[in-house]
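Chains as they are written, first to last, in our numbering: chain A, 11 to 258; chain B, 11 to 258. Take a look at the structure below.
2 protein chains.
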Amino acid sequence: MKNPVIGIIGGMGPQAGLDLAAKVIAQTRAVTDQDHLPMALLSYGHLIGDRSTYVFGESSENPGIAIASVARELSSLGVQVAGIPCNSAHAPQIFDELTRLSKGIRILHLIQETVRHIQETLPDMTRIGCLSTLSVHRLGLYRSALEDAGYTPVMPTDEVAEQVVHRAIFDPGFGIKAQSAPVTDQARAMVLSAVAHCRSRGAESVILGCTELPLAVSHAKDIPLIDPARALARALIRETSPQKLVPL
Amino acid sequence: MKNPVIGIIGGMGPQAGLDLAAKVIAQTRAVTDQDHLPMALLSYGHLIGDRSTYVFGESSENPGIAIASVARELSSLGVQVAGIPCNSAHAPQIFDELTRLSKGIRILHLIQETVRHIQETLPDMTRIGCLSTLSVHRLGLYRSALEDAGYTPVMPTDEVAEQVVHRAIFDPGFGIKAQSAPVTDQARAMVLSAVAHCRSRGAESVILGCTELPLAVSHAKDIPLIDPARALARALIRETSPQKLVPL
Chain A
11 MKNPVIGIIG GMGPQAGLDL AAKVIAQTRA VTDQDHLPMA LLSYGHLIGD
61 RSTYVFGESS ENPGIAIASV ARELSSLGVQ VAGIPCNSAH APQIFDELTR
111 LSKGIRILHL IQETVRHIQE TLPDMTRIGC LSTLSVHRLG LYRSALEDAG
161 YTPVMPTDEV AEQVVHRAIF DPGFGIKAQS APVTDQARAM VLSAVAHCRS
211 RGAESVILGC TELPLAVSHA KDIPLIDPAR ALARALIRET SPQKLVPL
Chain B
11 MKNPVIGIIG GMGPQAGLDL AAKVIAQTRA VTDQDHLPMA LLSYGHLIGD
61 RSTYVFGESS ENPGIAIASV ARELSSLGVQ VAGIPCNSAH APQIFDELTR
111 LSKGIRILHL IQETVRHIQE TLPDMTRIGC LSTLSVHRLG LYRSALEDAG
161 YTPVMPTDEV AEQVVHRAIF DPGFGIKAQS APVTDQARAM VLSAVAHCRS
211 RGAESVILGC TELPLAVSHA KDIPLIDPAR ALARALIRET SPQKLVPL
């Protein structure tokens, strides 16, 4: 039986598309090149306007329209299920528009898949922390998804979100976007201190809700970390070729 | 002006496709997501038979036929220039067939682009070493391309090619294919010893002629190393959006 092609709408930024593709490969049961699942990645970031700018009213063109045009290109290749490795593209005003315009292809929801992953892998936890960029933090994307699923979200204070998490990602000197191979000790220490901050506020696990954060830390002392890209990668396999999914 | 889409025929293996895409991103002058070049990666390894098996007469179906079918899918997306991050797919009996069947899209030649890269970046050198898998070594793909360009190829002895380079890549315990994140100390030491072996035979620089090798070493003492995937990434940018190429 032919395995369906997994679609990835990349380019937001381009590294995040590759990161999701790498996680699909890592979560696939495969020994040979031929065992791996077919995957189509369209990294068309040039078409897609900044998501935060739109959501905060600083630009008027909904990036969901361009994302849907990429989804339709994937659909023309026969892709039926795709993912978007960009948190802010999942703001309702963007995601609703892009799914409305993407007939014939199903886009899995990064944030809802992350919550589902927590339900499946950490069934006894109720208080979930989340680190993210300032725009995802302010939009409350993870907070509302966690609440809808019955969790108590444990967000960092606005000060930590701004001075610690956002700076660890965006600082032009030591931030992860500026230096990711390898990540600087300072950025890593800041991310770990923000994890500890959520823990001190009662979080039992912490979502790394920005595609850059798992580059800095994969594990923390005494508390599980959740990588949304890994959750989405597993969901893409589950929805296309479940027999190929590496057991947890 | 719209930048043409860069095509990547991946899946041979799947990581090599991501590695080439990452090198295109790294070699692109870009600050924002929107600055990056459009890229389409089709990782359809399930369609494409083993290249070495065919070249050595152990299977009868030319993998060039399936590779060309992927090239035509890229062409249907509007892609005009593409690359294949797999050395053995460039054996003449495969590459000639796939280019014959890939009308409307130009496939850059990984090995010829590597030689061109040496001509441009190391103009005074004449003796070039090359490490590769045993099949690429036996096919003499780099050896003949170097000779055609007027270089003196400096290959490892068959014993080193088999017992050191091939094992560093394929050993099921410590090899790079089995353990790449991170690469084992043993594999790294073996690759470096093979580099030193080529140097002791007179090589002035050494090509890492297998997509796994740059995962183990990026620099060596006293001798420049050449990464074909990086050369191909730069060639893909040069042939589509030369103004976007990061200076050497």
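Cβ atoms here follow ideal geometry from the backbone N, Cα and C, with glycine treated the same way.
At a cut-off of 8 angstroms, the C-beta of residue 68/A has no neighbouring C-beta in chain B.
Here DSSP, grouped into helix, strand and coil, assigns residue 182/B to coil. The criterion of a C-beta distance shorter than 8 angstroms is not satisfied by residue 44/B and residue 100/A. In the structure shown, residue 52/A adopts extended strand secondary structure according to DSSP, grouped into three states. Excluding the 5 residues flanking it on each side, residue 184/A has same chain C-beta neighbours closer than 6 angstroms at 194, 196 and 197, in chain order. Judged by DSSP secondary structure, residue 220/B falls outside any alpha helix (DSSP H); it is assigned neither H nor E. Using a Cβ-Cβ cut-off of 8 angstroms, residue 35/B counts as an interface residue toward chain A, since at least one Cβ of chain A sits closer than that to its own. For residue 160/A, no beta strand (DSSP E) segment is defined, and its DSSP state is neither H nor E. Distances from the CA of residue 80/B to each of 249/B, 123/B, 61/B and 21/B were compared; the closest alpha carbon is that of 21/B. Residue 258/B and residue 38/B have their C-alpha atoms roughly 11 angstroms apart. For residue 95/B, no chain A residue has a C-beta closer than 7 angstroms to its own C-beta; the minimum C-beta separation is roughly 12 angstroms. In terms of Cβ geometry, residue 164/A and residue 213/A form a close pair [threshold 8 angstroms].
Contact annotation for residue 48/B against chain A: 21, 52, 53, 54, 55, 56 and 57 [CB-CB distance below 9 angstroms, chain order].
For residue 141/A, the enclosing beta strand (DSSP E) starts and ends at 137 to 141.
Short of 8 angstroms from the beta carbon of residue 215/A, and not among the five residues preceding or following it, lie these beta carbons of its own chain, in chain order: 128, 132, 135, 138, 139, 233, 234, 235 and 236. Residue 144/B and residue 172/B have their C-alpha atoms roughly 6 angstroms apart. Under DSSP, residue 236/A shares a beta bridge with 217/A. In this structure, 93/A is the residue among 93/A, 142/A, 107/A and 103/A with its C-alpha nearest to the C-alpha of residue 119/A.
DSSP places residue 67/B outside any beta strand (DSSP E), giving it a letter other than H or E. Residue 256/B counts as exposed, since fewer than 16 other C-beta atoms from the protein chains shown sit within 10 angstroms of its C-beta. Between residue 142/A and residue 175/A, the gap from beta carbon to beta carbon is short of 8 angstroms. Distances from the alpha-carbon of residue 239/A to those of 126/A, 75/A and 58/A put 126/A closest. DSSP places residue 32/B in the uninterrupted alpha helix (DSSP H) bounded by 24 to 36. Among the bridge pairs identified by DSSP, residue 91/B is matched with 16/B and 116/B. In the DSSP assignment, residue 230/A is bridged to 233/A. Assignment of residue 190/B by DSSP, reduced to helix, strand and coil, places it in the strand class. Beta-bridge annotation (DSSP): residue 255/A is paired with 38/A. Using a CB distance cut-off of 8 angstroms, residue 32/B counts as an interface residue toward chain A. Within 10 angstroms of the beta-carbon of residue 106/B lie fewer than 16 other beta-carbons, which makes it exposed.
For residue 72/A, no CB of chain B lies under 8 angstroms from its own CB, so it is not counted at the interface with that chain.
Taking 8 angstroms as the cut-off between beta carbons, the residues of the region 75 to 103 of chain A near chain B are 83, 86 and 87, in sequence order. Beta-carbon to beta-carbon, residue 178/B and residue 226/B are separated by about 7 angstroms, close enough to satisfy the 8 angstroms threshold. When the Cα atoms are used, residue 96/A and residue 76/A turn out to be separated by approximately 14 angstroms. Excluding five sequence positions before and after residue 69/A, the CB atoms of its chain that fall closer than 8 angstroms to its own CB belong to 59, 60 and 63, given in chain order. Membership of residue 58/B in any alpha helix (DSSP H) is not indicated, and neither H nor E is assigned to it by DSSP.
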